[in-house]
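**Student:** Quick one: structure below, then a few questions.
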Amino acid sequence: MNHGLRACIDDLARAGKLTRIKDEVSPDLEMAEIQRRAYAQGAPALLFERVTGTPFPCVANLFGTKERATYIFRHTLDLVRQAVLIKADPAAFLKGVPAGLLKDPLLYMRLPMAGLTSLPKKVSPSRAPVMRCKTTLSQLPAIKSWPMDGGPYVTLPQVLSQDPDRPGPMNVNVGMYRVQIAGNSFVPDHEMGLHYQIHRGIGVHHTKAAARGEPLRVSVLVGGHPAHTVAAVMPLPEGLSELVFAGMLAGRRFRYAMDQGHMIGAEADFCIVGTITGETKPEGPFGDHLGYYSLTHDFPLMKVEAVYHRPDAIWPFTVVGRPPQEDTTFGELIHEITGPMVPVSLPGVSALHAVDAAGVHPLLLAVGSERYTPYKSSNDTGPQELLTQASAILGFNQCSLAKYLLIIDGKDTQAPSIDDTAQFLTHVLERIDLSRDLHFHTRTTMDTLDYSGEGLNQGSKLVIAATGNPRRRLTSVVPPSLNLPLQFKDPRLAMPGILLVNGPQFRNHGDGSIDVLTAHLADQNLDGVALIVVCDDSEFCSRSLNNFLWVTFTRSNPSHDCHGVRSFTRFKHWGCEGPLVIDARLKPHHAPPLIEDPAVTQRVDEMCRKGGSLHGIIE
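Sequential numbering from 1148 applies to the sequence shown in this note's numbering.
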């Protein structure tokens, strides 16, 4: 009996949530173009039955909508939410029992045993479906998503490593790190690239293995129950194993087998096993979730020992690119399941929201609370505890990769929902004291995928803390008296209080162009403007909130690109008396943005026309 991906596909097909594509399609850019359109149009999941160059069918868009993801986990999602809440805060669970009992008493009867019945289960290799067949890397679907990609990638991997000091299923890290299976200088069928970023669990295991003078054994699982894929991206409470979570969300214990020290996901569709040492090779480029290419850099080399697959194996894939994409659904699931952990893990903080349209890590919103001096109004003192909470946030799991952190006091009047980015920005800009409330962290780490900094993993952060009553009324029109220097033009509003201006082509940070702008604006009336963004195309940026967020926060490094009208430095604190100015022009050190191949786009257009294999499925 199939308890994995094929069973999920059959279930979706019966519910009318999956479409089969019978004509042969190419994994070289073509399938990715189809997937992007399917996601954008809310199409069903897609099963590609014939893929050029491989005997394996492929499935995409499984998580293309939140509704479909919820449907896949309809029998277990409520249980998992409650289990994560219990792990994060047992007292909160006890306080919530009476209401929960009235709503769903059976759910609470299942909870006490949920952890025990979700423990990983060891099986013999002979009972592991994934080990019944073997293949090679060159026989796997060679899916390439963007024209400049360095080769085909595994885009939905579950990379499993054991703690070398404490091997076993309860000390396993499962992460979704991208895997390049061919291209560059990799020896065909014997080597592949494993790209993991800073602050990742596998890095701890790799370091321990190196200290012991041993290679790190790694298993790359592909497929299996969709719950296993979600487990690979889920930030979990300390002590809650990803394999236990995977079993709980799947409603079935995670089965594993051991093979020469490797842990094999018994019910995965594919399992690639091998080792990594200190050896590296160039990996990339790769079109990534910030909407640009990750460029070629040296990353760990994985020596491949075997590629296993089950007889009925199906290869799942997704496409990464400028948000929103299918991984947006992962973010929504993470937010829904782990939201209760935030107040427990970060006292005083009630909510966090990584803004998907801004590339996730570049912009993080937070709702905190001012409790230090309840006998004073927050307008008297400015942000205080919010700054303490901001420091804690920047040390919390993947929040450490945030570049811009905007935090407000949830007790302020008219505090917006954290999910409403436009209202949140308005709330901040109405209240911020730009001479006081900007707090920089310079020469620090940055997301590996973000090229706005000084080098790989090198950049800065800006905390913007705003509290109290509004101090300005944001303008809804471009100030009629606005006068710009000669090289700056086409002023537009992104939203109230945010002015977009086309600047000259960026040459270097010392070219003085922004200084010319700020000096020119110093004596002008800009009372209703809190933020000015200098960009390359103000019409594009003003076209939608998503365009503004993407350009502003992916193309700027706070320490280098934040300027101000009538700025000053006083006792090492930087501020400005006029609007904050962010230079979000493309710069020579930035990675190129992702652009489709016109010839592939034309081919897919033809497939979508009447009589084509995609007609009636996507446009």
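Built from N, CA and C at the ideal position, the CB exists for glycine as well.
Could you tell me which uninterrupted alpha helix (DSSP H) segments, each at least 4 residues in length, are contained entirely in the stretch 1663-1694, listed from first to last along the chain?
**Tutor:** Listed in chain order, they are 1685-1690.
**Student:** Given 8 angstroms as the limit, is there contact between the stretch 1743-1763 and the stretch 1709-1717, that is, 3 or more CB pairs closer than that?
**Tutor:** Because the criterion of three Cβ pairs below 8 angstroms is not met, the stretch 1743-1763 and the stretch 1709-1717 do not touch.
**Student:** Quick one: using the 10 Å Cβ neighbour count with 16 as the cut-off for buried, is ILE1742 buried or exposed?
**Tutor:** With fewer than 16 other Cβ atoms within 10 Å, it is exposed.
**Student:** When we look at the beta-carbon of ARG1768 and count the other beta-carbons within 10 Å, is it buried (16 or more) or exposed?
**Tutor:** Any question about residue 1768 goes unanswered here, given that the chain covers just 1148 to 1766.
**Student:** Alpha carbon to alpha carbon, how far is THR1591 from ARG1402? Give it in angstroms, no decimals.
**Tutor:** Using only the alpha carbons, I get a separation of about 41 angstroms.
**Student:** From GLY1348 to LYS1558, what does the alpha carbon distance come to, in whole angstroms?
**Tutor:** GLY1348 and LYS1558: Cα-Cα distance of roughly 36 angstroms.
**Student:** For a minimum of 4 consecutive residues, which ranges assigned as the alpha helix (DSSP H) are wholly contained in the stretch 1372-1458?
**Tutor:** Fully enclosed alpha helix (DSSP H) runs of 4 or longer: 1373-1378, 1389-1397.
**Student:** For the beta strand (DSSP E) that contains ARG1364, what are its first and last residues?
**Tutor:** Looking at the DSSP string, the run of the beta strand (DSSP E) that includes ARG1364 is 1363-1369.
**Student:** Which same chain residues, not among the five before or five after GLY1515, have their C-beta less than 6 angstroms away from its C-beta?
**Tutor:** If we look at GLY1515 and ignore the five residues flanking it on each side, its Cβ neighbours are GLY1495, VAL1496, LEU1533, GLN1536, ILE1554.
**Student:** Over what stretch of residues does the beta strand (DSSP E) that includes ILE1611 continue unbroken?
**Tutor:** Start and end: 1605-1613.
**Student:** Quick check: is any heavy atom of the ligand MG less than 8 angstroms from the C-beta of ARG1619?
**Tutor:** In the structure shown, the ligand MG is absent, as is every other ligand, since no ligand is present at all.
**Student:** Any idea what DSSP makes of LYS1269, helix, strand or coil?
**Tutor:** If DSSP states are grouped into helix, strand and coil, LYS1269 belongs with the strands.
**Student:** Is THR1424 closer than 9 angstroms to PRO1362 when the C-beta atoms are compared?
**Tutor:** Yes, the Cβ-Cβ distance between PRO1362 and THR1424 is below 9 angstroms.
**Student:** Given that a residue counts as buried once 16 or more other Cβ atoms are within 10 Å of its Cβ, and exposed if not, what is ALA1358?
**Tutor:** So ALA1358 ends up on the exposed side.
**Student:** If you check the beta carbons only, do MET1449 and THR1422 fall under 9 angstroms apart?
**Tutor:** Yes, they are a contact pair.
**Student:** According to DSSP, simplified to helix, strand and coil, what is ALA1746?
**Tutor:** In the structure shown, ALA1746 sits in a helix (DSSP, three-state: H, G or I).
**Student:** Could you check how far apart the C-beta atoms of HIS1150 and VAL1277 are, in whole angstroms? I think they sit under 8 angstroms.
**Tutor:** Contact flag wrong, Cβ pair sits at about 12 angstroms.
**Student:** So the alpha helix (DSSP H) GLU1479 belongs to, where does it begin and stop?
**Tutor:** Note, GLU1479: alpha helix (DSSP H), 1474-1485.
**Student:** I need the boundaries of the beta strand (DSSP E) containing MET1642, first residue and last residue.
**Tutor:** Segment 1636-1642, the beta strand (DSSP E) holding MET1642.
**Student:** Considering only DSSP beta bridges, list what HIS1586 is partnered with.
**Tutor:** In the DSSP output, where bridge partners are listed per residue, HIS1586 has VAL1610.
**Student:** Is it the case that the Cβ atoms of VAL1172 and THR1283 are separated by a distance below 9 angstroms?
**Tutor:** Against a cut-off of 9 angstroms, the Cβ pair of THR1283 and VAL1172 comes out as no contact.
**Student:** For GLY1330, count neighbouring C-beta atoms within 10 Å of its own C-beta (all shown protein chains included) and say buried if the count is 16 or more, exposed if not.
**Tutor:** Looking at its Cβ environment, which holds 16 or more other Cβ atoms inside 10 Å, GLY1330 is buried.
**Student:** At what residues does the alpha helix (DSSP H) containing ASP1787 begin and finish?
**Tutor:** Residue 1787 falls outside the range modelled here, since the chain spans only 1148 to 1766, and no answer is possible.
**Student:** Per the DSSP calculation, ARG1228 is bridged to which residue(s)?
**Tutor:** Answer is none; ARG1228 lacks a bridge partner.
**Student:** Inspect the beta-carbon positions of VAL1676 and LEU1631 and report whether they are closer than 9 angstroms.
**Tutor:** No, the pair does not count as a contact, with Cβ atoms beyond the cut-off.
**Student:** Exposed or buried, what is ARG1184 when buried is set at 16 or more other beta-carbons lying within 10 Å of its beta-carbon?
**Tutor:** So ARG1184 counts as buried.
**Student:** Taking just the CA atoms, how far does ALA1504 sit from PRO1471?
**Tutor:** If I take the Cα positions, the gap works out to 6 angstroms.
**Student:** Could you pull out every residue in the same chain whose Cβ sits closer than 8 angstroms to the Cβ of ALA1162, ignoring the five residues on either side in sequence?
**Tutor:** The residues are TYR1218.
**Student:** Run through the stretch 1541-1591 for me and flag every whole beta strand (DSSP E) of 3 or more residues, listed as ranges in chain order.
**Tutor:** Listed in chain order, they are 1551-1556.
**Student:** Does the stretch 1723-1733 come close enough to the stretch 1648-1666 to have 3 or more Cβ pairs within less than 8 angstroms?
**Tutor:** Verdict: yes, contact present.
**Student:** Within 8 angstroms, do at least three Cβ pairs link the stretch 1332-1341 to the stretch 1436-1450?
**Tutor:** Short answer: they touch.
**Student:** Please return the same chain residues whose Cβ sits closer than 8 angstroms to the Cβ of ALA1379, not counting the five positions on each side in sequence.
**Tutor:** Correct list, in chain order: PRO1304, GLN1305, VAL1306, VAL1321, GLY1322, MET1323, GLU1389.
**Student:** Would DSSP call MET1317 helix, strand or coil?
**Tutor:** Here MET1317 sits in helix by DSSP.
**Student:** Under 9 angstroms, do ARG1400 and PRO1267 count as touching if we go by C-beta distance?
**Tutor:** Yes.
**Student:** Rounding to the nearest angstrom, what Cα-Cα distance links LEU1249 and GLY1398 in this structure?
**Tutor:** With a pLDDT of only 42 at LEU1249, under the threshold of 50, the placement of this residue in the model should not be trusted, and no figure is reported.
**Student:** Does the distance from the C-beta atom of VAL1206 to that of PHE1195 stay below 9 angstroms?
**Tutor:** Taking 9 angstroms as the Cβ cut-off, VAL1206 and PHE1195 qualify as a contacting pair.
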